[in-house]
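Read through the structure below, which is laid out as structure tokens, and then see the notes.
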Amino acid sequence: MGYETLLITREANVATLTINRPAVLNALSAQVFQEMMHFLDDKTATQGLRALIITGAGEKAFIAGADIAAMQSLTPVQALKFARLGQDFTVKLEEQPFISIARVQGYALGGGCEVAMACDFVVASETALFGQPEVDLGLIPGFGGTQRLARRVGLPMAMEMLCAGRKLNGKEAVQHGLASTVVPAAELDAAIAKIIKNILKAAPHAIAETKRLARASLEQPLSSGLSAEATAFATCFAGEESREGIQAFLEKRKAQF
Ligand code: CAA
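Counting from 17, one number per residue, gives the positions in the sequence shown under this note's numbering.
If you want it as structure tokens, here you go:
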């Protein structure tokens, strides 16, 4: 498929998806979501992928939110469809076996903050600015912001961000658990490369299982989570990965996964 709103590149088992609408600060239209969904559904494109970097074109914005101009004429029924489309994308991204990394510089507002929160890692430059300003437009977040933000930063900070316009810069985003790493803008790609290097060293199935269980931990009682973890831990011992990983350690060599 020829994408109109995205640039996709792939080097070995790492892909970069760039939302390429710099004139509107990479605002999220229905087409952007449809194209991103198409990419995730494209088995050939995602075959063997270990990491996906999601970013926005230009230095000014990661994503400045849902496309406000496109939302002007939405009926409630169309708005429901748009919210569901965005939410479906965030869930589909979370469910992928590979690691997703939001590469955030500049504005990550509204839907931008929501897409970042659906990624497994949020790596921010010092210039990043996260916020959920939807109420200023007479709206509320529609792609998960009312649900995921409090899980990330706690309810008091989420309330300030959602209702009182509080924005977090890159450093504050790390302090409050919205991002895991912050670096000067010039070091953003190097910081991501370092994370990816470590991901590529590790076993793919083990990473996919860890991601699945860690994400599920936010939604289930501890006893269910522990039970799921024990089962998945046991399953590791039926696979090749653990045999190779343990043997490599004991033989003092690098594991080949
Ligand atoms: N949708 C559509 N266009 C947008 C946009 C958006 N979310 N954000 C910026 N743009 C456009 C601007 O209209 C402008 O276009 P023109 O050049 O044609 O005028 C261009 O991008 C550059 O933006 P600005 O001139 O406004 O740049 P600035 O530096 O003065 O301000 C900004 C930057 C503070 C990010 C400002 O653009 C802004 O406040 N944007 C909107 C942020 C926002 O409210 N996001 C939430 C959207 S609602 C949402 O996301 C709902 C949801 O969860 C479902």
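From the three backbone atoms N, C-alpha and C, an ideal C-beta is built for every residue, glycine too.
Practice item. Report buried or exposed for S7, applying the criterion of at least 16 other Cβ atoms within 10 angstroms of its Cβ. Key: Nothing can be reported for residue 7: it is not among the residues displayed for the chain, which extend from 17 to 273.
**Study point:** Cβ-based neighbour list, A80, same chain, cut-off 7 Å, excluding 5 preceding and 5 following
**Key:** Short of 7 Å from the beta carbon of A80, and not among the five residues preceding or following it, lie these beta carbons of its own chain, in chain order: L41, N42, A43, Y123, L125, G128.
Check your understanding: Can you name the start and end residues of the alpha helix (DSSP H) that F273 belongs to?
Key -> Neither: F273 is in no alpha helix (DSSP H) and is coded neither H nor E.
Exercise for review: Can you tell me the Cβ-Cβ gap for I223 and V30, rounded? I've got them flagged as a contact below 8 Å.
Suggested key: Contact between I223 and V30 is ruled out by a C-beta separation of about 13 Å, above the 8 Å threshold.
Review point. If you count every other CB in all the chains shown that lies within 10 Å of the CB of T71, and 16 or more means buried, which is it?
Key: T71 should be labelled buried.
Exercise for review: Can you grab the Cα-Cα spacing for the pair N214 / L171, in whole Å?
Suggested key: Those two C-alpha atoms are separated by around 32 Å.
**Study point:** Distance, A218 Cα to A248 Cα
**Key:** Approximately 17 Å, taken between the alpha carbons.
Review point. Would you say V40 touches the ligand CAA, meaning its beta carbon is less than 6 Å from a heavy atom?
Key: Yes, Cβ of V40 sits closer than 6 Å to a heavy atom of the ligand CAA.
Point to revise | Contact set for S233: own chain, Cβ-Cβ below 6 Å, skip 5 residues either direction | key: Counting only Cβ-Cβ distances below 6 Å, and skipping sequence neighbours, we find G241.
Practice item. Express the C-alpha separation of I262 and F114 in angstroms, rounding to a whole number. Key: Approximately 22 Å, taken between the alpha carbons.
Practice item. Measure from the alpha carbon of I208 to the alpha carbon of each residue in C179, F273, Q272, S116, then state which is nearest. Key: Residue nearest to I208 within the set C179, F273, Q272, S116 is S116 (criterion: CA-CA distance).
**Study point:** Given 8 Å, three or more beta-carbon pairs between the region 105–114 and the region 52–59
**Key:** Yes: the two stretches touch, three or more of their Cβ pairs being nearer than 8 Å.
Point to revise | For K227 and I84, the rounded distance between their alpha carbons | key: If I take the Cα positions, the gap works out to 33 Å.
Exercise for review: Look up A82 in the DSSP assignment and say whether it is helix, strand or coil.
Suggested key: In this structure, DSSP gives A82 an extended state, which the three-state scheme calls strand.
Check your understanding: How many Å lie between P149 and S45 at the Cα?
Key -> Spanning the two alpha carbons is a distance of roughly 17 Å.
Check your understanding: In the structure shown, what three-state DSSP assignment does T71 receive?
Key -> In the three-state reduction of the DSSP assignment, T71 falls in the strand class.
Review point. According to the neighbour-count rule (16 or more other Cβ atoms, all chains shown, within 10 Å of its Cβ), is T60 buried or exposed?
Key: By the neighbour-count criterion, in which 16 or more other beta carbons inside 10 Å mark a residue as buried, T60 falls on the exposed side.
Review point. For T251, which option in E225, R26, V48 has the closest C-alpha, if you only look at C-alpha atoms?
Key: That would be E225, whose Cα lies nearest to the Cα of T251.
Check your understanding: Quick one: what does DSSP say L145 is sitting in, helix, strand or coil?
Key -> In this structure, L145 counts as strand in the three-state DSSP scheme.
Point to revise | Segment contact, 8 Å Cβ cut-off, at least three pairs: the region 128–139 with the region 153–162 | key: With a cut-off of 8 Å on Cβ pairs, the region 128–139 is in contact with the region 153–162, counting three or more such pairs.
Exercise for review: Identify every residue that forms a DSSP beta bridge with T34.
Suggested key: Note: T34 sits in a beta bridge opposite L23, T71.
Exercise for review: With a cut-off of 8 Å on the beta carbons, I'd call V198 and A206 a contact; round off their distance for me.
Suggested key: The C-beta distance from V198 to A206 rounds to 13 Å, too long to meet the 8 Å contact threshold.
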